[in-house]
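In order, the protein sequence lines correspond to chains A and B.
Just so you know, the first sequence maps onto residues 46 to 507 in our numbering.
Just so you know, the second sequence maps onto residues 46 to 507 in our numbering.
Please read the structure below before turning to the comments.
Protein chains: 2
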Amino acid sequence: MDGILPNENEAEVSAGEDGSDQDSSEALSTRVLPGFMELEPRAQLAFERMKRTIRDVYERFGYTPVETPAIERVDVLLAKTAGETSKQMYRLSRTGQALGLRFDLTVPLARYVTEHYGSLSFPFRAYQIGKVYRGERPQKGRFRELYQCDVDMIGTDQLSLMADAEMLAIGTAALSELGVSSAAISMNNRKLLSGLLLEVDPNVNTPEALRTIDKLEKIGAAEVESQLVGLGLPQEGVSRLLSVIDRRGAAEEILSFLDSVGMRNPLFHEGVRELRELASYVESIGVDNSRYSIDLSIARGLDYDTGTVFETHLENAREIGSICSGGRYDNLVGTFSSHKLPGVGISIGLTRLFDQWLRNNPLEAASSTTLKVMVLPMLEDLRPAAELASFLRGCGVPTAVETERAKLRNKLKLANRIGVPFVVIVGEDELQSGKYSLKEMQSGEQRTMTRAEMAAYLQERV
Amino acid sequence: MDGILPNENEAEVSAGEDGSDQDSSEALSTRVLPGFMELEPRAQLAFERMKRTIRDVYERFGYTPVETPAIERVDVLLAKTAGETSKQMYRLSRTGQALGLRFDLTVPLARYVTEHYGSLSFPFRAYQIGKVYRGERPQKGRFRELYQCDVDMIGTDQLSLMADAEMLAIGTAALSELGVSSAAISMNNRKLLSGLLLEVDPNVNTPEALRTIDKLEKIGAAEVESQLVGLGLPQEGVSRLLSVIDRRGAAEEILSFLDSVGMRNPLFHEGVRELRELASYVESIGVDNSRYSIDLSIARGLDYDTGTVFETHLENAREIGSICSGGRYDNLVGTFSSHKLPGVGISIGLTRLFDQWLRNNPLEAASSTTLKVMVLPMLEDLRPAAELASFLRGCGVPTAVETERAKLRNKLKLANRIGVPFVVIVGEDELQSGKYSLKEMQSGEQRTMTRAEMAAYLQERV
């Protein structure tokens, strides 16, 4: 059935079962592999526009592009445990060194910053829009090749919580410019959650307990409660913890509530203080308060998150998971270097978001081209048409020539199907007179003009 | 020494030697793998500009973006033999199906067109700018992860030679806008070359002989001659062939020469006729005749090329190989489908080109940011600075806030190092008066103005 999942338990795979030596007996299939997104031109153009929107927002906030290879050493990829995702790593076969495909953009950024430390200026504002690879079981919202759009600010020694606020501002700006109106970014603080856990049981295995809390949305409160109790936490404390983090309301209301719950753990109070400082910055940085909220149940499964955490769920599609997540990490480079580089980042899961967007937005009417004009030659000699097209392109108007012999009717049909807004016919009459008929496809309107007039007319409409 | 080359002769590798199971005993290295390009911010920004230039040119000619996955089934990747490159394929380990990383963008395009045939309009104008993977021995101009910028026009049943001319026009426009002035695209026709070979020996193994001729630049005429004789071709005929293809001169001169050499082979004459027709189109499509030439020795190593072939060498760096290559293929989809889809394409090797460009263009003076202004807070409270930055961004001015506590001198040093053109200080005085000092970093000039005046001033300079 599902033949391309990397085997998570490698020890059980003998060499003979290695799929790379197996001959497929199926007929040659041109279908894209399950879990991979491949788009038709209309959808691809929409995807490109989204990618550009995100990039423009990141650059407007002053972030600089970074691009790391898709292939990294396995020991680098696994140096920072990144929760479940690292188990889904694709490995390359038969290379002298153990190599794998990156499963996120944070680990490669850590390597990048360590390696280029001397030539970077800190705080370093970086973004990377690129593909990552995960051997997930394909399902709605889960892809094996997916675009992540990461933006990170990395300081030396210290980094103001204004940086966390900036992430929230970037995330909301990007989502809003992408037309995603049904999503508010939820924020929380891992210190606050860890403090709550320590208050319940000073000997708690915090990372494991946080991973359990992270499953709240997926498995429900009763199951989380039973799993936390299974980890050795006292039943009563767990119930109390779950009732605290279930609290909903406006940011200010939740912050007051947290002051009133009577916890003593200092980590808890540090988390509350950070959350309050962050909230105080958010407004100044231009984020409308309808665009974010505090959700005390957000834990995130990643081990390197330390303070602020972000998640974003689409109201109408919570089941696909978060489309914009991130958080604070106290030391990005960890095992790679002795520098201490605290950072905070946020990442838009563009493939997942686009997939969901496409389900709600029929593209039938959209154009599948960036062309403005198609020149239709009605002469045996294609050169006059090619010359006109070249002239128009020289004036900045995206133009193509229809080069194949076909009846005018069929050429118009093609232009219509592609969605070109204008066509112009080049025949004997046009050559003689130096005047051309420019036809607007949608209205059917025709205008007769010289090529210079046509260029001026189209430039205004490009 | 060189541990990440995929083993070209798989039969000799036993499971125990599979590098992916080997533990590296080296310390954790954060160096980028050999053969992979990773750039510092200044260089990355230059690279992004080049990528954007190429995309803009492709779109101006009316080509639509396509994006295929980096991972494909091995049987798909190997369905069309693509010369040496297919031997350098990276495979994934332990997946149920045999999967590999794409080594070019032509094979994935063939699969894409077959799979989406029903929803495409033909002639289909497509471009793809993406990374491909090749287990090459790293050396100057050879990378293991490299960007290819492919542009292809695919027809049904037939495709005019005007399409080949369009490729030449796109290639020259892109190179010229990239500032690559030392390169002219060379063109040839494989039918012409095959005809010459058949004239020498009707039983010649044409693909193998063409691959030998393709090595002319690398190994020299004497060695090619001896290898062709080794393939069983008569010495005299080989000498004559090599003297014909050595001919240099203007396009019209070479075409006349080809008419005069007294060959009888019909394929040769078809090749000459195609080359003449192509040359007749080139001028009409706006290509200056200094930007291209005919080079009869160009063969290309790919088996799917059938007619026109293109190659481009940098005058000052011929050793890195062609930076812009392509050609005509009679049937793109071949083994994938029963449709006949002739196509022609050209591809810019951006990674190779950029690497060479970087060697000649020191980036010290360039900026490492797309920022226009950095706001430097001089108050304990960061919020007024954040508000000003948010206001400027709202006016379309890329702006960041310096969030860390530091002396003004150090903040200015940071701004200078990043290359931000303007800074503005927010202190007590500015808050009181509502007037800010905008400092232009390069000239040191300062202007005092309100935030609205500042936005207007900067908008003009963005």
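Every residue gets a Cβ at the ideal spot worked out from N, C-alpha and C, and that includes glycine.
{"query": "Burial state of A/K456 (16 or more Cβ within 10 Å)", "result": "buried"}
{"query": "Exposure label - A/R76; buried when at least 16 CB within 10 Å", "result": "exposed"}
{"query": "Own chain partners of B/R492 with C-beta closer than 6 Å, once the 5 adjacent residues on each side are dropped", "result": "L483"}
{"query": "Local Cβ density within 10 Å of A/S70, reported as buried at 16 or more and exposed below that", "result": "Bear in mind that a pLDDT of 40 at A/S70, under 50, signals an unreliable position, so the number given afterwards is only what the model happens to contain. The residue in question, A/S70, is exposed, as its Cβ has fewer than 16 Cβ neighbours within 10 Å."}
{"query": "Min CB distance A/G48 to chain B below 8 Å", "result": "Low per-residue confidence applies at A/G48: pLDDT is 47, beneath 50, and the placement is therefore not dependable enough to give any value."}
{"query": "A/G175 in three-state terms, based on DSSP", "result": "strand"}
{"query": "Coarse secondary structure for A/N234, derived from DSSP in three states", "result": "strand"}
{"query": "Terminal residues of the alpha helix (DSSP H) in which A/L323 lies", "result": "P311 to S329"}
{"query": "For A/M494, three-class secondary structure by DSSP", "result": "strand"}
{"query": "B/L123, DSSP secondary structure in three states", "result": "coil"}
{"query": "Terminal residues of the alpha helix (DSSP H) in which B/V274 lies", "result": "A266 to G275"}
{"query": "Three-state secondary structure assigned by DSSP to B/Y162", "result": "helix"}
{"query": "Residue-chain proximity (B/E298, chain A), Cβ-Cβ < 8 Å", "result": "no"}
{"query": "A/Q528, enclosing alpha helix (DSSP H) - first and last residue", "result": "Since the first residue shown for chain A is 46 and the last is 507, residue 528 of chain A is missing from the structure and cannot be characterised."}
{"query": "Interface residues of the segment 106-126 of chain A facing chain B [CB-CB below 9 Å]", "result": "F106, G107, Y108, T109, P110, V111, E112, T113, P114, A115, I116, E117, R118, V119, D120, V121 and A124"}
{"query": "8 Å Cβ cutoff met for A/I31 and A/C369", "result": "It is not possible to answer for residue 31 of chain A, since the shown part of chain A is limited to 46 through 507."}
{"query": "Any 3 or more C-beta pairs closer than 8 Å across the segment 460-472 of chain A and the segment 396-416 of chain A", "result": "yes"}
{"query": "Partner residues on chain A for B/K484, Cβ-Cβ distance less than 7 Å", "result": "Neighbours of B/K484 on chain A: none; closest Cβ ~17 Å, over 7 Å."}
{"query": "Endpoints, beta strand (DSSP E) assigned at B/D195", "result": "E190 to I199"}
{"query": "A/L243 Cβ short of 7 Å to the ligand HEM heavy atom set", "result": "Absence of the ligand HEM from the depicted structure is noted, as is the absence of any ligand whatsoever, leaving it without description."}
{"query": "Contacts around A/E253, its chain only, beta-carbon distance under 8 Å, and the 5 residues preceding and following it disregarded", "result": "L276"}
{"query": "Meets three-Cβ-pair contact criterion under 8 Å: the segment 420-435 of chain A and the segment 468-481 of chain A", "result": "yes"}
{"query": "Other residues of its chain near B/L146: CB distance less than 6 Å, five sequence neighbours each side excluded", "result": "A115, Y135 and Y178"}
{"query": "Paired residues, beta bridge with A/K260 - DSSP", "result": "DSSP output for A/K260 lists no bridge partner at all."}
{"query": "Beta-carbon neighbours of B/Y502, restricted to chain A and to distances below 7 Å", "result": "Within 7 Å Cβ-Cβ: nothing; B/Y502 doesn't reach chain A, min ~18 Å."}
{"query": "Partners in chain D for A/Q203, counting only beta-carbon separations shorter than 9 Å", "result": "Reference to chain D is not applicable here, since the protein chains of this structure are A and B."}
{"query": "Reduced DSSP secondary structure (H/G/I, E/B, other) of B/K484", "result": "strand"}
{"query": "Straight-line gap, B/K125 to A/R97 (C-alpha atoms, nearest Å)", "result": "34 Å"}
{"query": "Pairwise C-alpha distance: A/A295 and A/S301", "result": "10 Å"}
{"query": "Under 8 Å by beta carbon: chain B residues contacting A/F148", "result": "By Cβ distance, chain B contributes nothing, its closest Cβ being about 13 Å from A/F148, past 8 Å."}
{"query": "Segment contact, 8 Å Cβ cut-off, at least three pairs: the segment 377-389 of chain A with the segment 281-300 of chain A", "result": "no"}
{"query": "Where A/L503 falls: helix, strand or coil (DSSP)", "result": "helix"}
{"query": "Contacting residues, own chain, Cβ-Cβ under 6 Å from B/S342 (five flanking each side not counted)", "result": "L261 and I290"}
{"query": "Sequence ranges, alpha helix (DSSP H) only - wholly within the segment 358-397 of chain B, length at least 4", "result": "none"}
{"query": "Classification of A/R373 by the beta-carbon crowding that lies within 10 angstroms, buried from 16 upward", "result": "buried"}
{"query": "Rounded distance between the beta-carbons of A/I199 and A/I393, thought under 8 Å", "result": "At roughly 19 Å, the Cβ-Cβ gap does not stay under 8 Å, so A/I393 and A/I199 are not in contact."}
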